[in-house]
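Numbering (the working numbering), first residue to last: 64 to 398.
C-beta atoms are modelled at their ideal positions from N, C-alpha and C, and glycine is treated no differently.
Just so you know, these numbers come straight off a predicted model, no measurement behind them.
Please read the structure below before turning to the comments.
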C-alpha cells in the first residue's frame, strides 16, 4: 500500500478544506521542516550540550531551557520568512513577533508553544510543539493589531502539534477531522499513520497532578474522586496516568480515551486561573479534540468560546472524552 505524506494528504483533500490553499500548504510545510530540525536536536540533546538552563526567565516567569530557546529560534526564523504570515506569537515572547520589513507578508497568524513539557527535557520525557493558526481580521496592508490576535478559538483555521517521543508524530486538523502522521527517519517524511482519529466517547484514564489537590476547591476534588470511585456510573475505576507534559498526556488520551484536568488552584496567587495558556495550548488542543469527537472546557464553559483579553491569558482546562468532560461539568455545576 503506497504511503501518503502530509502534504500529499493536504493537497488531496483541498476541496474539503477551503483553508488548504497554496499559501496554507507553504505555512504547513515550514512548520513541518521546523519540526524536523527541532526533532534532530531533541534526539541528540544529551550529546549536543543543549540540555539545561540558559539562565534567563521567559514572560511566564519560568526558567528558560536551552532546547526551549533553540526551538523558539528555529520556528521564528523559518516562519518569519515563509511569506504567508503577518505576525507570530510565542509562549516564550512577551509581545507579538513582527514580520521583518524585507520579508513578504501574508494574512495568517501563527501562535505556538515551541516546546511544551520543557521541564521534562532533561529526563528524556516526550515533549512537543503546539500550534494554532488564525486569519487576520483587519485588511491586509494595515499594521497588525492585537484585535487580530485575540480571536476566539472557534476562529482557528487549523491547529496541531508535533510530539517528539519514541517516534515523532504530527497531528493536525483544518476543521475536517484529525489526522496523524509519523516521521519516517529513513526518508525524512511524515507519513499518514493515523487517519481520521476519533477519541472514544468515554475513556479509561484520568490525568491530573494530584500533588496539587490541597490547592483545589472542593467541587474539583469531588470531580476527581468520581473517576477513582469503583461505584461511579461508568462501572469502573479509571487508571491514573500523568506524565506532566501536556502534549504527551493529551496525545495518549486522544488515542486511548480519557480525560486531562489542569484546574485552577490556589498554589500561586499570581495565576488564580491555572497554569495553561489559552492561545497557544488550550485553544489548539480544544479544536483537535472537538474534531475527534471529544470536548474541552474550563470546567464548565467551552474553551473555544472564550474571548481572550490578553495574549498570555491562562485558563483551567478539562479536555478529553466527551462523556468524561461532561461528567466533570455536571459535578461542578451541582455545587
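Check your understanding: Based on the DSSP secondary-structure assignment, which residues constitute the bridge partners of residue 311?
Key -> Position 248 of the chain shown holds residue 311. Looking at the DSSP assignment, residue 311 forms no beta bridge with any residue, so it has no partner.
Review point. Any chance the stretch 298-316 sits against the stretch 246-255, with 3 or more Cβ pairs inside 8 Å?
Key: Using a C-beta cut-off of 8 Å, the stretch 298-316 makes no contact with the stretch 246-255, since fewer than three inter-stretch Cβ pairs fall below that distance.
**Study point:** Secondary structure of residue 141, DSSP reduced to three states
**Key:** Counting from one through the chain shown, the residue named residue 141 turns up at place 78. Residue 141 falls in the helix class under three-state DSSP.
Exercise for review: Please classify residue 282: does DSSP put it in a helix, a strand, or coil?
Suggested key: Here the question's residue 282 lines up with position 219 in the chain shown. If DSSP states are grouped into helix, strand and coil, residue 282 belongs with the helices.
Review point. Can you tell me whether residue 136 is buried or exposed, with buried defined as 16 or more other CB within 10 angstroms of its CB?
Key: As a position in the chain shown, residue 136 is number 73, starting the count at 1. Around the Cβ of residue 136, a 10 Å sphere holds fewer than 16 other Cβ atoms; the residue is exposed.
Check your understanding: Quick check: the stretch 186-205 against the stretch 341-361, are there 3 or more CB pairs under 8 Å?
Key -> Touching, per the Cβ criterion.
Review point. Taking the continuous alpha helix (DSSP H) assigned at residue 98, which residues delimit it?
Key: Position 35 of the chain shown, counting from 1, holds the residue named residue 98. Per DSSP, residue 98 belongs to the alpha helix (DSSP H) from 85-106.
Exercise for review: Specify, as a first and last residue, the run of the beta strand (DSSP E) that residue 173 falls within.
Suggested key: Mapped onto the chain shown, residue 173 falls at position 110. Note, residue 173: beta strand (DSSP E), 171-179.
**Study point:** Buried or exposed by the 16-neighbour rule on C-beta atoms within 10 Å, applied to residue 316
**Key:** Residue 316 sits at position 253 when you count from the first residue of the chain shown. Here residue 316 is buried, its C-beta having at least 16 other C-beta atoms within 10 Å.
Review point. Hey, how far is the Cα of residue 300 from the Cα of residue 381?
Key: Stepping through the chain shown from its first residue, residue 300 is reached at position 237. Stepping through the chain shown from its first residue, residue 381 is reached at position 318. About 19 Å.
Practice item. Decide if the stretch 216-233 is in contact with the stretch 276-286; the criterion is three or more beta carbon pairs, one per stretch, under 8 Å apart. Key: Contact fails: fewer than three Cβ-Cβ distances are below 8 Å.
Check your understanding: DSSP on residue 245, reduced to helix/strand/coil?
Key -> Your numbering for residue 245 matches position 182 in the chain shown. Residue 245: strand per DSSP, three-state reduction.
Review point. Based on the DSSP secondary-structure assignment, which residues constitute the bridge partners of residue 257?
Key: By 1-based counting over the chain shown, the position of residue 257 is 194. Bridge partners of residue 257: 243.
Review point. How is residue 275 classed by DSSP in three states: helix, strand or coil?
Key: Walking along the chain shown from the start, residue 275 turns up at place 212. The answer is helix: DSSP assigns residue 275 an H, G or I state.
Review point. Okay, do the stretch 91-103 and the stretch 281-295 touch, 3+ Cβ pairs below 8 Å being the bar?
Key: Result no; under three Cβ-Cβ pairs closer than 8 Å.
Practice item. Indicate whether residue 254 and residue 376 have their beta-carbon atoms separated by less than 8 Å. Key: Translated into the one-based positions of the chain shown, residue 254 becomes position 191. Translated into the one-based positions of the chain shown, residue 376 becomes position 313. Cβ distance not < 8 Å, so residue 254 and residue 376 don't count as in contact.
Review point. Are the stretch 194-211 and the stretch 323-339 touching, with three or more C-beta to C-beta distances below 8 Å?
Key: Short answer: they don't touch.
**Study point:** Helix, strand or coil at residue 345 according to DSSP, with G and I counted as helix
**Key:** Numbered from its first residue, the chain shown carries residue 345 at position 282. In the structure shown, residue 345 adopts helical secondary structure according to DSSP, grouped into three states.
Point to revise | Beta-ladder partner(s) of residue 136, from DSSP | key: Within the chain shown, residue 136 is the residue found at index 73, counting from 1. None, per the DSSP bridge assignment.
Practice item. Compute the Euclidean distance between the alpha carbons of residue 274 and residue 215, then round it to the nearest angstrom. Key: For this step, residue 274 is matched to residue 211 along the chain shown. For this step, residue 215 is matched to residue 152 along the chain shown. Between residue 274 and residue 215, the C-alpha separation is close to 32 Å.
Exercise for review: Tell whether a beta-carbon distance below 8 Å holds between residue 142 and residue 173.
Suggested key: Taking the chain shown and counting its residues from 1, one reaches residue 142 at position 79. Taking the chain shown and counting its residues from 1, one reaches residue 173 at position 110. Taking 8 Å as the Cβ cut-off, residue 142 and residue 173 qualify as a contacting pair.
Exercise for review: Throw me the rounded Cβ distance for the residue 256 and residue 266 pair, which I believe falls under 8 Å.
Suggested key: In the chain shown, counting from the first residue as 1, residue 256 sits at position 193. In the chain shown, counting from the first residue as 1, residue 266 sits at position 203. A Cβ-Cβ separation of about 21 Å leaves residue 256 out of contact with residue 266 under the 8 Å criterion.
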